[in-house]
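One structure below.
Numbering (the numbering used here), first residue to last: -17 to 138.
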């Protein structure tokens, strides 16, 4: 099952988790320091909350589509490339407490989108949502540049 992902920057993770637990009548699927995600069944949504003191509370961190397999990620990459969109592929990246395969593309307003699959859970250093980053930045603060494009923001 595919589902849309919405990743929001929040000022107070505990307060945000309480609100979204009530809003969606669901508990977080994963809750770690500075990070929470909800796998909401109805409507199908992966809601990611990222505690970020430097971003405006409630601002968009990034968007995504969670898919079931690496094959679906690769098919999305091929489809986007065939449509003349610039993409970046990441394989086996540890990000947001999970090992993932993903492809990135920017929307017309510069909004970062990822199409990804979760391969396994992963532990992260407290306060660091990503263990490896081609651009040298942490996850959900910066993501790898799109091939042929300038710097963009986000991940997970």
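Even for Gly, the Cβ is constructed at its ideal location relative to N, Cα and C.
Would you kindly check if the distance between the Cβ of residue j and the Cβ of residue i is under 8 Å?
{"i": "residue 18", "j": "residue 31", "result": "yes"}
{"i": "residue 97", "j": "residue 22", "result": "no"}
{"i": "residue 52", "j": "residue 99", "result": "yes"}
{"i": "residue 62", "j": "residue 87", "result": "yes"}
{"i": "residue -9", "j": "residue 25", "result": "no"}
Around the Cβ of residue i, are there at least 16 other Cβ atoms within 10 angstroms (buried) or fewer (exposed)?
{"i": "residue 74", "result": "exposed"}
{"i": "residue 94", "result": "buried"}
{"i": "residue -4", "result": "exposed"}
{"i": "residue 76", "result": "buried"}
{"i": "residue 29", "result": "buried"}
Taking just the CA atoms, how far does residue j sit from residue i?
{"i": "residue 33", "j": "residue -7", "result": "6 Å"}
{"i": "residue 104", "j": "residue 78", "result": "8 Å"}
{"i": "residue -11", "j": "residue 56", "result": "22 Å"}
{"i": "residue 20", "j": "residue 6", "result": "9 Å"}
{"i": "residue 83", "j": "residue 49", "result": "10 Å"}
{"i": "residue 143", "j": "residue 15", "result": "Lying before the first or after the last residue shown, residue 143 is absent from the chain, which here runs from -17 to 138."}
Which same chain residues, not among the five before or five after residue i, have their C-beta less than 6 Å away from its C-beta?
{"i": "residue 60", "result": "none"}
Sequence ranges, alpha helix (DSSP H) only - wholly within the region -7 to 57, length at least 4: -5 to 6
Within the region 70 to 99, ranges of the beta strand (DSSP E) (whole runs, at least 3 residues): 70 to 77, 80 to 88
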